[in-house]
Each structure stands twice: as C-alpha cells, then as structure tokens.
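Step one of this worksheet: look at the structure below.
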C-alpha cells in the first residue's frame, strides 16, 4: 500500500469503500479480522477510506455487554490495533465501537489513519423505542463537527442521528462538512428500504450535502439487518444501491465538482419485492441464529401442515438438506393426506424424514393420569397431551444428537394462544414467529416459484400444493379444523394487525366491517395469551411491531376495551 500524495489524491477524487458485512455480537477478535480483510480488499480496489457500520467491533446491538468494563477494553484494544495497521499508507477506516471514559459510555465511531486514531465521534440521538433501548446503556454524545480526512471534511452522524430531530446533520453542514457518512445498525421490517431512502433524502435536501448510508448485514437474535447500503447525491439522485440480504464491499468513486462531491457511476442492485424480502429475512435470521450459536443441525416436526412445511423449506434453504432432520409424529387423528404431504415435502426438500408414532407416549400419559382424571370428560387436556408428547420426542432427539428444535407457530396462532406450552411451542428458534397465517401462505407460494440467490435448497415446488390448498388443522381430534376455534384467517389476521401493529380500539376495528363480538373475543385472547408468548422461542422480526422487543404488554392485565 502506497501513501504517497494522499492529499493530492483527494483533491478531485475520493474513493470510499462501503463494507456491508456480517459481524457477530461479542466476537471482537472475529469482527476485527473481518475489518482487516475488508481493508485489504478496499486497498486492492484503490480505496482511500473504508467505511464500516455502527458498533462493528462489538457487533450490534451489544445490549448490556457494554456494561462490562472488560468488554469495553477489548473493543478499544481492537480499535487501536486496527489503527496501527493504517500506518502502511493504505485506506483510512471509519468504524463503530463502544467506548467509556470519565464522562460516560458512548456509541462511537473512530476515524483511523496514519497509524493512529485521528478522531472519535459519539452518537447524539439515542433511540429508545421499539427494539431500541440505547438510553439504558449509552450516554448522549456532544454535538459533533466534521473530521478532516486527508483534506476532505467528512461529517459522521451515527444511525439515529439522521432519523431524529436534534439537528445533527444540519450542525455538521453549518460547521463545514462536505459529505456525510452514516454508519448504521438499522433492522429490517417490511418496506424499510423505502423508509431509509426517505429519511436520507430529507437530510440531503435540508443540508445540501451528499449522504452515504452504510448498513449492517446479518441476524442477531430476533433482529435481521438487511444491508442495502446506498447514497444520495446532493442533487437528490441515487448515487448507488447495494444488494439487500447479501454481504458486499463496493468502492464508490466521488468526484469533486463546482457543486461539491458527486457520484455518477455507482452500482445499482435490485431491491426485492415484499414476499421475497420477507422470505430472505427469515432465511438470513434463521441461518445466523443457528450458525452463530454453534448448532450443527436442526430438527423439526413435519406435520403435513403449511407452517411446518415453510419452516422446513427455510431450514433447508438456510443450512442445506444434510443439516435438517424432519420428523412426522402421527397419532390416531393424523390423516392419510397429512402423512403423504409430509413425506412429499421432505422428499422435495431432500432432507431426512423419520416417522415416530406417539401412540405409546400418549397412552402412557393417559394411564399415569387415569386415577386422577377418573370421572372427568376427555377434552383439551387430552389434546394437549398429544402435542406435549410430540414436543418431548423432539427435545429428546435434540438432546441426543445436538440438534436445535425448530418451532413452527405463526403470529396469528401466537397472538391468540392457539398453541401448547411445552408442546408445539418447544424449540430454540421460530423462523415464522412474526408472520401472520396469510403471509405464511404467500411465502409458500412465492418459494414454490422462486429460489433465493443464497438458498442451499432445491428449486421447484418444495411445498406440495395440497398443503397450501387444504384447510389447516391441528389434528388433535376427529375432523378438527382451525376455523372450529378461530375466525377465518383473513378475518383474524386483519383484526390482529389492527390490534397489534396499529393499536386500534375495538370501535375502530368494528368500523372496518368486523363483527363486534368477534373483535372483543380476539382482543381478550390476545391479552390472555401474553403469558404463553413470554415463554416462546425467539424468532425473526418481519413486521414493524413483533412480540417481545417491540410490544411489551403486562401478563397480569385486566383491561379490556369495552
């Protein structure tokens, strides 16, 4: 790497490498290694500056890890080590890390060049809503000025600094910034790319400066970071657009003009439509949860229904057929159609398929409880024993072979408690936890017609059409259908979206054309099932308001909207 005439090199041309990478929370050494590899790649492509994402060294979000002084020290040591690398005259680096000094603890960015840390900037606007609670662990930074990097005055607002109303970008523009570089840790939800574009355009219009938005990639527990980094020129034209759901390192050339810095030849990746984006978010979140937590393989109960079928498809697409075991757990009420559909689905996906009947365990439970239950009528307790027998068998397979159990309940079911604790809710992760039932059907149809670019599974119809077409059923009693207990799913999903995502009142929902008694019943079930949701496995966030991080309702709660 040659550092000659760096100031001159930036007088008319500024090559910025955008690193859209997948860090792991807590893996400071691994994240540092990724940063070094990215810098070497950026140098080969002639970059002057490598731009990493928010809190890249620690991984994002680190949550309470930043309360540990040893963790903060490890992150700072990594930053100093990376800074020393820049003594070779190659690209400088903008990289996020957590830091602490006598004044507080900060979500920060370091600018590295010439073998040292030449500047540090702290996040001003700390988000405290939805999945974010940064005010819990970080202090507000001071209003920043631009950083002089080889003669170019760069402003570095950090993520929420461009979303809020504290005037961070305006201050940077007024204090002489020529270009704004924004490191981000912005989680996915449906339609998020368009929203980010709108936020950045607003700041570009207000400041008159170009803005580069570097976005993190990867799954972290329930959050998915979808990448799709981009920039807008000062004239409001899209300068470049990187891919969504894929790692990338792109060197973008900016030219100095009489109107400031401008990019005219950046890459323009296609942004997926909603079904593809949702499916790929489930895929990325599931893959990273399994791999980052060290699971070698997964197991799930394949019932012949739509939920377990789409979960099996996601698992195979994420991990490959050799790492996925499916198990059919039949009982008296399991139909021949379900047996055939499950077998056909496993065959289409190419994954292992076992059959373990639950007759013995259910009979054993019933026998053990016969004296206690004498004189009572058979009902939901006996139905739940079937589900719990299945859950116990899947957990036994998990323990014996080190497989993570995939749980398969959709958001519609989890909303109203149509699930069995310690039964079908058993599992380590749920890839469809934040998808309503009708969205599950839409993704199944999409997957049968498409294969994601990074999928390890086969092409073609991997979910048998009969699974999509037939009426859903838990098959815990003769001729059972979900609609015996619930409204039709299109009706249920609309009511739930109004109650959960929009926080609408009963009167407002009834005004949309829904039956008042049905709305009251669904609202009651939603509140009642909070205790179940608190014990459910984590799952990929897809909507703007998922259960858990985004929606924090009390378990003990007597309020009803009547």
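In this note's numbering, the protein residues as written are 3 to 564.
Idealized CB from N, CA, C, for every residue including glycine.
Predicted, not measured: the structure shown is a model, and the values here were computed from it.
For this session: Verify whether the separation of the beta carbon atoms of residue 548 and residue 224 is less than 8 Å.
Result: Translated into positions along the chain shown, residue 548 becomes position 546. Translated into positions along the chain shown, residue 224 becomes position 222. Cβ atoms of residue 548 and residue 224: closer than 8 Å.
For this session: Reducing DSSP to helix, strand and coil, say where residue 349 ends up.
Result: What you label residue 349 is simply residue 347 of the chain shown in a count that begins at 1. Under the three-state reduction of DSSP, residue 349 is assigned to helix.
Exercise. Rounded to whole angstroms, how far is the Cβ of residue 69 from the Cβ of residue 139, which I believe are closer than 8 Å?
Worked result: Sequence index remark: in the chain shown, residue 69 carries index 67 (1-based). Sequence index remark: in the chain shown, residue 139 carries index 137 (1-based). Approximately 6 Å separates the beta-carbon atoms of residue 69 and residue 139; this is inside 8 Å, confirming the contact.
For this session: Inspect the beta-carbon positions of residue 303 and residue 542 and report whether they are closer than 8 Å.
Result: For the purposes of this step, residue 303 is taken as residue 301 along the chain shown, with counting starting at 1. For the purposes of this step, residue 542 is taken as residue 540 along the chain shown, with counting starting at 1. No, they are not a contact pair.
Exercise. Pairing CB atoms from the segment 159-176 with CB atoms from the segment 22-31, are three or more of them under 8 Å?
Worked result: Contact fails: fewer than three Cβ-Cβ distances are below 8 Å.
For this session: Identify the continuous beta strand (DSSP E) that holds residue 403 and give its terminal residues.
Result: The count along the chain shown starts at 1 and reaches residue 403 at position 401. Counting along the chain, residue 403 sits inside no beta strand (DSSP E); it lies in the alpha helix (DSSP H) bounded by residues 382-403.
For this session: Classify residue 338 as buried or exposed, calling it buried when 16 or more other Cβ atoms lie within 10 Å of its own Cβ.
Result: Residue mapping note: residue 338 aligns to position 336 of the chain shown, counting from 1. Exposed: under 16 other Cβ atoms inside 10 Å.
Problem set entry | Span of the beta strand (DSSP E) around residue 263 | As a position in the chain shown, residue 263 is number 261, starting the count at 1. Residues 262-264.
Problem set entry | Where residue 440 sits in the DSSP three-state scheme | Stepping through the chain shown from its first residue, residue 440 is reached at position 438. For residue 440, the three-state secondary structure derived from DSSP is helix.
Problem set entry | Spatially closest choice to residue 18 from 141, 177, 62 and 213, by CA coordinates | Walking along the chain shown from the start, residue 18 turns up at place 16. When each option's Cα is compared against that of residue 18, the closest is 213.
Problem set entry | Inside the segment 13-44 only - beta strand (DSSP E) runs reaching at least 3 residues | Counting only runs of 3 or more, we get 15-22.
Exercise. Could you give the C-beta distance for residue 265 and residue 242, rounded to a whole number, given that I count them as a contact under 8 Å?
Worked result: As a working mapping, residue 265 is identified with position 263 in the chain shown. As a working mapping, residue 242 is identified with position 240 in the chain shown. For a cut-off of 8 Å, the C-beta gap from residue 265 to residue 242 is around 6 Å, short enough to register as a contact.
Problem set entry | Residue closest to residue 76, alpha-carbon to alpha-carbon, out of 87, 89 and 61 | As a position in the chain shown, residue 76 is number 74, starting the count at 1. Minimum Cα distance to residue 76 is reached at 61.
Exercise. Looking at the unbroken alpha helix (DSSP H) that takes in residue 213, where does it start and where does it end?
Worked result: By 1-based counting over the chain shown, the position of residue 213 is 211. Not the alpha helix (DSSP H): residue 213 falls in the beta strand (DSSP E), residues 213-217.
Problem set entry | For residue 416, the nearest candidate out of 205, 495 and 480 (CA to CA) | Taking the chain shown and counting its residues from 1, one reaches residue 416 at position 414. Answer by Cα proximity: 495.
Exercise. Just to confirm, are residue 584 and residue 219 a CB contact at a threshold of 8 Å?
Worked result: Outside the shown range of the chain, which is 3 to 564, sits residue 584, and nothing can be said about it.
For this session: On a CA-only basis, which of 289, 221 and 310 is nearest residue 426? Give me that one, please.
Result: Sequence index remark: in the chain shown, residue 426 carries index 424 (1-based). Taking residue 426 as reference, the option from 289, 221 and 310 with the minimal CA-CA separation is 310.
Exercise. Is the distance from the Cβ of residue 501 to the Cβ of residue 414 below 8 Å?
Worked result: Taking the chain shown and counting its residues from 1, the one referred to as residue 501 is at position 499. Taking the chain shown and counting its residues from 1, the one referred to as residue 414 is at position 412. Not closer than 8 Å, so no.
Exercise. Can you find a heavy atom of the ligand COA that lies under 7 Å from the Cβ of residue 315?
Worked result: Absence of the ligand COA is noted for the structure shown, with no ligands found whatsoever.
Problem set entry | Buried versus exposed, by CB contacts within 10 Å (16 or more), residue 72 | Counting from 1 along the chain shown, the entry for residue 72 is found at position 70. Exposed, by the Cβ-count rule.
Exercise. Using a Cβ-Cβ cut-off of 7 Å (strictly less than) and excluding sequence neighbours within five positions of residue 563, which residues of its own chain qualify?
Worked result: Within the chain shown, residue 563 is the residue found at index 561, counting from 1. Same-chain partners within the cutoff: 507, 508 and 525.
Exercise. What's the gap between the Cα of residue 405 and the Cα of residue 299?
Worked result: Position 403 of the chain shown, counted from the start, is the residue given in the question as residue 405. Position 297 of the chain shown, counted from the start, is the residue given in the question as residue 299. Spanning the two alpha carbons is a distance of roughly 5 Å.
Exercise. Residue 112 to residue 41, Cα distance in whole Å?
Worked result: Counting from 1 along the chain shown, the entry for residue 112 is found at position 110. Counting from 1 along the chain shown, the entry for residue 41 is found at position 39. Cα to Cα, residue 112 sits roughly 15 Å from residue 41.
Exercise. CA-CA distance, residue 4 and residue 48?
Worked result: Here residue 4 is taken as the residue at index 2 of the chain shown, counted from 1. Here residue 48 is taken as the residue at index 46 of the chain shown, counted from 1. Confidence at residue 4 is low in this model, with a pLDDT of 43, below 50, so its placement is unreliable and the value that follows should be read with caution. Each residue's Cα considered, the two are about 10 Å apart.
Problem set entry | Cβ neighbour criterion (16 or more within 10 Å) applied to residue 490 | For this step, residue 490 is matched to residue 488 along the chain shown. With fewer than 16 other Cβ atoms within 10 Å, it is exposed.
For this session: Report the residue from 458, 422 and 409 whose alpha carbon sits nearest the alpha carbon of residue 434.
Result: As a working mapping, residue 434 is identified with position 432 in the chain shown. Per the Cα distances, 409.
For this session: Taking residue 324 as the reference, give the member of 458, 118 and 364 with the closest Cα.
Result: Residue numbering aside, residue 324 sits at position 322 when the chain shown is read from its first letter. Nearest C-alpha to residue 324: 458.
For this session: Kindly confirm or deny that the segment 512-524 and the segment 197-208 touch, where touching means at least three C-beta pairs closer than 8 Å.
Result: Judged by Cβ distances under 8 Å, the segment 512-524 makes no contact with the segment 197-208, as fewer than three pairs qualify.
Exercise. Should residue 267 go down as buried or exposed, given a rule of 16 or more other Cβ atoms within 10 Å for buried?
Worked result: Counted from its first residue, the chain shown places residue 267 at position 265. A residue is called buried when at least 16 other Cβ atoms come within 10 angstroms of its Cβ; residue 267 does not meet this threshold and is exposed.
For this session: State buried or exposed for residue 56, treating a residue as buried only when at least 16 other CB atoms are found within 10 Å of its CB.
Result: As a working mapping, residue 56 is identified with position 54 in the chain shown. Under this definition residue 56 is a buried residue.
Problem set entry | Local Cβ density within 10 Å of residue 228, reported as buried at 16 or more and exposed below that | By one-based count along the chain shown, residue 228 stands at place 226. By the neighbour-count rule (16 or more Cβ atoms within 10 Å), residue 228 is buried.
Exercise. Do residue 539 and residue 431 have their C-beta atoms within less than 8 Å of each other?
Worked result: Indexing the chain shown from 1 puts residue 539 at position 537. Indexing the chain shown from 1 puts residue 431 at position 429. Between residue 539 and residue 431, the C-beta gap is smaller than 8 Å, which places the two residues in contact.
For this session: Whole angstroms is fine: what's the gap from residue 301's alpha carbon to residue 400's?
Result: As a working mapping, residue 301 is identified with position 299 in the chain shown. As a working mapping, residue 400 is identified with position 398 in the chain shown. For residue 301 and residue 400, the distance between alpha carbons rounds to 7 Å.
Exercise. Is residue 283 buried or exposed, if buried means 16 or more other CB atoms sit within 10 Å of its CB?
Worked result: For the purposes of this step, residue 283 is taken as residue 281 along the chain shown, with counting starting at 1. By the Cβ neighbour-count rule, residue 283 is buried, with 16 or more other Cβ atoms within 10 Å of its own.
For this session: Pair every Cβ in the segment 150-163 with every Cβ in the segment 110-128, then say whether three or more of these pairs are closer than 8 Å.
Result: The segment 150-163 is in contact with the segment 110-128.
Problem set entry | Whole-angstrom C-beta distance between residue 230 and residue 195, which should lie under 8 Å | Within the chain shown, the letter at position 193 stands for residue 195. Within the chain shown, the letter at position 228 stands for residue 230. Taking a contact as a CB-CB distance under 8 Å, the pair residue 195 and residue 230 counts as one, their CB atoms being some 5 Å apart.
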